[in-house]
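Below: the structure, in structure tokens.
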Amino acid sequence: MYDWEKLAELSQAIQNWQETTLSESLKRLPERNPRFMTTSSETVERLYTPLDVANLDYLRDLGLPGEYPYTRGIHPTMHRGRLWTMRMFAGFGTAEETNARFKYLLEQGQTGLSIAFDLPTLMGYDTDAPEAEGEFGKCGVAVSSLKDMEILLDGIPLDKVSTSMTINSPAAVIWAMYIATAEKQGVRPDQLRGTIQNDILKEYIAQKEYIFPPEPSMRLVIDTIEYGAQTLPQWNPISISGYHIREAGATAAQELAFTLADGMEYVRWALKRGLEIDSFAPRLSFFFNAHNDFFEEIAKYRAARRIWAREMRQTFKAQNPRSWLMRFHTQTAGVSLTAQQPENNIVRVAIQALAAVLGGTQSLHTNSMDEALALPSEQAVTIALRTQQIIAEESGVANTIDPLGGSFFVEAQTNRLEKQAYEYFQRIEALGGVLPAIEKGFFQGEIADSAYRYQQEIDRGDRIIVGVNAYQDEKPITIPILEMDPQGYPRQIERLRRLRMQRDNGRVGQTLDRLRIACQGTENTMPYILDAVRAYATLGEIIGVMKTVYGVYREPTWV
């Protein structure tokens with residue numbers, strides 16, 4: 167514990183020094199160069215000193231690792247006690263192809279699965295739906311039924327591996343398929359560990375892969391949170407995601423503020439459902455981007471932990487310390503990858519991954535060098551995984567906890583981002599909250615303005631992107647590009663055809679009717695979705711029933 171009396175004396179001594187010797191020295195510094203700015207276009211001072219951070223409130227907020235407000239990490243030992251989970255995002259083509267990639271990655275030392283789904287799956291369509299034509303397997307694996315999920319996870323012991331699934335609008339259905347697949351393996355729900363992304367608010371804000379209007383979409387999210395709290399105690403039923411907000415062009419402060427505002431909105435809806443805060447809050451998780459600016463990203467994670475702890479403890483009155491903890495996954499910035507000189511992306515990813523580790527992430531995905539060109543090849547994804555392993559085993563950065571804590575620069579950036587986040591919270595509240603702000607286009611407009619400013623900086627040459635607007639060359643790209651099985655699509659279509667012929671269609675119809683009634687009422691929909699999935703109703707059939715009750719969302723046009 168700190169001796170606060172001695173620290174107060176130290177703080178006063180620092181202040182006296184700042185007002186005399188230091189202030190005279192700072193007067194002699196040259197003017198700032200406008201090119202010295204963060205990725206978020208925030209000016210960086212030439213020098214950071216105790217003048218920027220040192221006071222008693224700062225020391226209280228800094229704290230110790232594993233202690234409130236968790237600025238320095240949520241665990242007392244952090245990565246000294248346990249390394250982060252190396253969870254490589256993967257999915258392409260058929261379930262068979264992706265299953266083979268999963269097994270390869272596990273053999274190479276990956277410690278958790280992360281499933282990418284193709285666009286039809288993300289939008290709730292079966293592979294053979296007219297709306298899905300031409301999109302099979304291009305950005306992830308196609309999963310149209312429980313049969314596909316069984317093949318996808320064949321030979322992977324679900325009681326021994328944690329799994330993350332990047333799925334949002336159809337999250338409840340895909341989660342039900344995972345739970346049902348585990349049942350067939352003899353694995354109980356309470357043994358399952360993992361996460362579904364399930365963050366519908368960020369879909370309206372940034373990624374735009376929504377199906378239903380906001381109100382029923384939020385109802386489905388709270389259904390999963392409630393069901394998870396009651397049935398899957400080790401599962402994270404939501405991963406509140408700033409990643410896609412940042413990929414759309416947001417600044418670090420916007421990613422931080424909008425993500426936490428979304429998280430607090432889910433908490434309010436769960437409380438309105440009647441759930442006790444400490445029954446679900448410990449299983450809320452987060453997902454952040456790791457962009458190019460090394461120190462700004464580290465500060466963002468530290469500010470996020472501190473804000474979340476304070477809000478959960480003081481605003482929402484959570485009593486369980488586990489409810490105060492922000493646990494998060496990080497992925498390196500896909501938007502930062504360039505098609506020009508793709509080998510340079512290896513360096514970008516290494517720097518971004520190092521920032522995530524120093525920022526205290528619980529799990530990490532490193533992007534592959536070829537992702538601006540195609541889905542990752544086996545060679546590229548191996549290099550991306552080895553990047554994490556080299557950081558873990560060779561760099562020494564995990565030897566001590568929060569090694570940059572106390573840095574005048576890092577602490578000043580942490581304070582700045584926290585302040586900017588609270589300013590955004592006030593603006594969102596003034597608009598009536600998260601949903602009204604979405605309906606008014608507030609988030610969308612802020613992100614669009616930031617993305618435009620960033621691109622202007624590149625076009626003017628104020629921001630250098632190596633290989634794009636500086637240090638270009640005309641050499642042809644020679645790295646190998648992944649090729650999917652050309653027979654994958656017809657095989658998937660045939661599997662769906664056989665499934666519809668061989669299943670008990672009477673049972674399917676009954677489960678879908680019961681699901682429709684549940685959607686019309688107020689019961690939790692998860693048990694009814696599970697029954698339909700176990701009967702081998704397809705994703706498109708289940709989502710189709712929901713559409714008849716909830717309708718389909720069309721985003722307003724803002725001028």
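For the sequence shown, this note's numbering assigns the number 167 to the initial residue and increments by one for each residue that follows. Backbone N, C-alpha and C define an ideal beta-carbon position, used for all residues, glycine too.
Residue i: CB within 7 Å of a non-hydrogen atom of the ligand ATP
| i | result |
| --- | --- |
| Pro355 | The ligand ATP is absent from the structure shown, which contains no ligand whatsoever. |
Distance between residue j and residue i (C-alpha atoms, nearest Å)
| i | j | result |
| --- | --- | --- |
| Pro569 | Pro646 | 38 Å |
| Arg198 | Thr243 | Confidence in Arg198 is poor, its pLDDT being 43 and thus under 50, which makes the residue's placement too unreliable to answer from. |
| Leu632 | Gln545 | It should be noted that the sequence gives Val, not Leu, for residue 632. Computed Cα separation, rounded: 23 Å. |
| Phe202 | Gly500 | 23 Å |
| Arg359 | Arg626 | 48 Å |
| Gln621 | Asp459 | 16 Å |
| Gly706 | Tyr409 | 27 Å |
| Pro286 | Glu297 | 8 Å |
| Met478 | Asp444 | 10 Å |
| Pro200 | Glu463 | The pLDDT assigned to Pro200 is 49, lower than 50, so where the model puts this residue is not dependable; a value taken from the coordinates is nonetheless given after this. One C-alpha to the other measures close to 20 Å. |
| Phe608 | Phe258 | 34 Å |
| Ile473 | Leu696 | 36 Å |
| Val576 | Val674 | 57 Å |
| Gln610 | Ala427 | 14 Å |
| Met650 | Met331 | 21 Å |
| Gln400 | Met315 | 21 Å |
| Gly571 | Gln480 | 24 Å |
| Arg582 | Ser451 | 24 Å |
| Leu597 | Ala603 | 6 Å |
| Val718 | Gly290 | 12 Å |
| Thr527 | Lys606 | 33 Å |
| Thr498 | Met712 | 34 Å |
| Ala342 | Thr215 | 53 Å |
| Leu541 | Lys304 | 8 Å |
| Ser726 | His495 | For the chain, the structure presents residues 167 to 725; residue 726 sits outside this window and is missing. |
| Ala456 | Asn671 | 47 Å |
| Thr237 | Gln373 | 29 Å |
Cβ neighbour criterion (16 or more within 10 Å) applied to residue i
| i | result |
| --- | --- |
| Pro365 | The sequence shown places Asp at residue 365, not Pro. Classification of Asp365: buried, given that the 10 Å Cβ count is 16 or more. |
| Arg629 | buried |
| Phe302 | buried |
| Glu175 | exposed |
| Val513 | exposed |
| Arg663 | exposed |
| Lys438 | exposed |
| Ser561 | exposed |
| Val547 | buried |
| Leu213 | exposed |
| Asp679 | exposed |
| Lys368 | buried |
| Thr723 | exposed |
| Gly300 | exposed |
| Met252 | buried |
| Arg194 | Note on Arg194: pLDDT 49, under 50, position unreliable in the model; the coordinate value appears next. Exposed: under 16 other Cβ atoms inside 10 Å. |
| Gly429 | buried |
| Gly239 | buried |
| Thr553 | buried |
Pick from the options that is closest to residue i, judged by C-alpha positions
| i | options | result |
| --- | --- | --- |
| Tyr588 | Ala538, Ile708, Ser616, Thr425 | Thr425 |
| Pro380 | Val600, Tyr618, Asp670 | Val600 |
| Gly687 | Gln668, Asn334, Tyr590, Tyr716 | Tyr716 |
| Leu398 | Ala346, Lys374, Gly440, Glu369 | Ala346 |
| Pro487 | Thr504, Gly394, Tyr234, Asp292 | Tyr234 |
| Arg246 | Ser543, Pro231, Phe575 | Pro231 |
| Lys728 | Ala295, Ala521, Glu477, Ser445 | Residue 728 is absent from the model: the chain starts at 167 and stops at 725. |
| Phe454 | Ser561, Gln363, Thr264 | Gln363 |
| Cys685 | Gln658, Pro382, Ala617 | Pro382 |
| Gln122 | Gln579, Ala698, Ala436 | What is shown of the chain runs 167 to 725, which leaves residue 122 out entirely. |
| Gly321 | Ile683, Leu272, Phe574 | Leu272 |
| Ala617 | Ile281, Ile377, Ala414 | Ala414 |
| Leu524 | Leu541, Ala538, Ile557 | Ile557 |
| Gln658 | Ala348, Ser310, Glu721 | Ser310 |
| Thr277 | Trp250, Arg354, Ala295, Arg267 | Trp250 |
According to DSSP, residues forming a beta bridge with residue i
| i | result |
| --- | --- |
| Ala636 | Val632 |
| Gly259 | Val307 |
| Gly440 | Gly440 is not bridged to any residue. |
| His495 | Phe453, Ser529 |
| Phe283 | Val307 |
| Asn402 | Thr361 |
| Met254 | Leu279 |
| Met203 | Thr209 |
| Ser407 | Phe453 |
> Counting only runs that start and end within the segment 512–593, where is the beta strand (DSSP E) found for 3 or more residues in a row?
Replying inline: Runs of the beta strand (DSSP E) lying entirely within the segment 512–593 and spanning at least 3 residues, in chain order: 529–531.
> Which runs of the beta strand (DSSP E), 3 residues or longer, sit entirely within the segment 299–347?
Replying inline: Restricting attention to beta strand (DSSP E) runs no shorter than 3 residues, the segment 299–347 encloses them at 329–332, ordered along the chain.
> Which ranges does the alpha helix (DSSP H) cover as unbroken runs of at least 4 residues, wholly within the segment 664–688, from first to last along the chain?
Replying inline: Given a length threshold of 4 residues, each whole run of the alpha helix (DSSP H) inside the segment 664–688 is given here in chain order: 671–686.
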